Every structure is written in C-alpha cells, then in structure tokens.
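Numbering (my numbering), first residue to last: 363 to 611.
Beta carbons: idealized from backbone N, C-alpha and C, even for Gly.
Being a predicted model, the structure only gives us computed values, none of them experimental.
In what follows, a single structure is set out as structure tokens and then discussed.
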Amino acid sequence: MIQVNQISRIFQSAREGDKQALFPVSLNIDKGEIFGLLGPNGAGKTTLLRILATVIKPTTGTAVLNGHDIIKQPDEVKKSLGFLSGNTKLYGRLTTRELLTYFGRLYEMEDDLIRRKIDEILAFFDISELADRRIDKLSTGQTQRISIARCILHDPPIYILDEPTSGLDIISSRTIVDFIRNAAASGKTVLFSTHYMEEAEMLCNRIGFLHEGRLIAVNTIDGYRRNSGLVHVADIFMHHVKNTTAGVS
C-alpha cells in the first residue's frame, strides 16, 4: 500500500548552508497496518510524512501510495490519502459543518454524501453538538478532531497523521487512538508519527525509529523486545540510538 524507495531530503539555505534533514529511507507498509514513526523532535518524521503527502518533493528517491507515484502522479496520491499536518490551520470564521462541506466539495463529493458523512464522523468523534459552532470558538481537542474529520471525509484508503495526539488531554487522545484502531480494522493503512512511546507501543503493528534523519530500525514490539532483551519502548529506542552512534548494526 505504501512503498518508500530511497527517499531523502536536503534543505538548502544561503545563510546556514545545506542541511540533510532526511537520509535515504526505504520502507514498505501493508494494507490494514498501523505503522508508527517514533523519534524526538527534529528526527525527520514530519519531513518524511510531508514528502509522502506530496507537500514537498524529495531530493532523491520516490514512493508509491495505493499504486500511484508521488513524483509522477501527485494528484492521484492526494485523492488516495487523508493527511493531517501538525501545522494545518482551519478557517476560524466557518462553522464545523460549513468547513467540512467546503472540503467535501473540494474532494468532488456529492452534497447528499457530504451531509451523511459529516453526521457519521461527528457522531463517531462525539462532537455532533459542534456542527453549527464556529471553529475559532472550539478547544484544541475539538479542533484536532475536526481536523481529522476533514482528512477522512472522502474515505481514502491511506491515512498519514503527523503527531495526531500532540497537546491533547487524555479524553481527546483516547478518541483519536480509538479512531486509528477502527480505521486499521476496516482495512485502512495508517502511518503516523509520534514521540509518545506508550502510544506507539499501544497502537502499532510495527514501529520505525527515526534519529537525526536516519531510519535506524524497523520491527514489531515483540521483535524489538526479543532482539534487545528490553521491555519498555523508550529503553529500546535508546538502545538502538546508542548502537547506531557506536556504529553497531
């Protein structure tokens, strides 16, 4: 469902010089899989996700999402995914229903389908009472759930979510965690980034560790534990960082 082939990214700056934000990454993610990218801020998670969502272009390499190449077929890729960016801004003067209707029409959905999907999604996220409230009057958690509703309105086969629970309270976070689980159970492919170790452990079929722009390991939780002899994801991550720094494969 997602095939990443040697994607890298160098950001160029006349003042600060070139910075390699992402070293070549190759990765395959299957249909119905929840794959987590785990790493600290600045590790390259957002850069990789923005490349896969066709927001920025890779310096080298390419990827295929749902059979479509991100370089050659960016419009088809966009139709195949729902992308939640950490810095996505919503139109504060619109109500929730107005905002979602606007995006539904951008997705070329019929108005009857838009209305039905809006009601279904708001009910799932337990925010039906927000349908006619303005976006700029909502809390952070409410806004985040509406941001995800915007991404999934057209029912794409792939979800790419950048730090979907960042800054949320425990109730809002759990709602989004439940959504991710349900999405995968229905056959969606979910790729999300996080720096919350427990969240990755709870949700993911596999986890990739990103550190300083490099994908240093990919495995299941059980696989990581068997190979390292460690239990907690934070300890396993630091184990791999230490081995990578020391030049141990």
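Exposed or buried, what is residue i when buried is set at 16 or more other beta-carbons lying within 10 Å of its beta-carbon?
{"i": "residue 532", "result": "exposed"}
{"i": "residue 521", "result": "buried"}
{"i": "residue 548", "result": "exposed"}
{"i": "residue 416", "result": "buried"}
{"i": "residue 585", "result": "exposed"}
Report the rounded CA-to-CA distance for residue i versus residue j, giving the unit in angstroms.
{"i": "residue 580", "j": "residue 455", "result": "43 Å"}
{"i": "residue 610", "j": "residue 395", "result": "With a pLDDT of 47 at residue 610, under the threshold of 50, the modelled position of that residue is not reliable, and no figure is offered here."}
{"i": "residue 438", "j": "residue 431", "result": "8 Å"}
{"i": "residue 477", "j": "residue 502", "result": "24 Å"}
{"i": "residue 572", "j": "residue 497", "result": "34 Å"}
{"i": "residue 603", "j": "residue 545", "result": "31 Å"}
{"i": "residue 537", "j": "residue 605", "result": "36 Å"}
{"i": "residue 414", "j": "residue 393", "result": "16 Å"}
{"i": "residue 560", "j": "residue 591", "result": "18 Å"}
{"i": "residue 484", "j": "residue 408", "result": "27 Å"}
Beta-carbon within less than 7 Å of residue i's beta-carbon, same chain only, minus the 5 sequence neighbours each way: which residues are those?
{"i": "residue 385", "result": "370, 575, 576"}
{"i": "residue 388", "result": "366, 367, 368"}
{"i": "residue 504", "result": "489, 492"}
Just grab the DSSP bridge partners of residue i for me.
{"i": "residue 444", "result": "521"}
{"i": "residue 552", "result": "396, 521"}
{"i": "residue 598", "result": "Per DSSP, none; premise fails for residue 598."}
{"i": "residue 571", "result": "400, 579"}
{"i": "residue 488", "result": "Answer is none; residue 488 lacks a bridge partner."}
{"i": "residue 364", "result": "391, 427"}
{"i": "residue 371", "result": "384"}
{"i": "residue 496", "result": "457"}
Excluding the 5 residues preceding and the 5 following residue i in the sequence, name in chain order all residues of the same chain whose CB lies nearer than 6 Å to its CB.
{"i": "residue 397", "result": "391, 553, 568"}
{"i": "residue 426", "result": "365"}
Can you check which of these residues, the options, is closest to residue i by C-alpha distance?
{"i": "residue 382", "options": "374, 475, 483", "result": "374"}
{"i": "residue 474", "options": "515, 422, 488", "result": "515"}
{"i": "residue 528", "options": "589, 562, 420, 517", "result": "562"}
{"i": "residue 471", "options": "452, 504, 518, 457", "result": "518"}
Shorter than 9 Å from the beta carbon of residue i to some beta carbon of chain D?
{"i": "residue 595", "result": "The structure shown contains no chain D, having only a single protein chain."}
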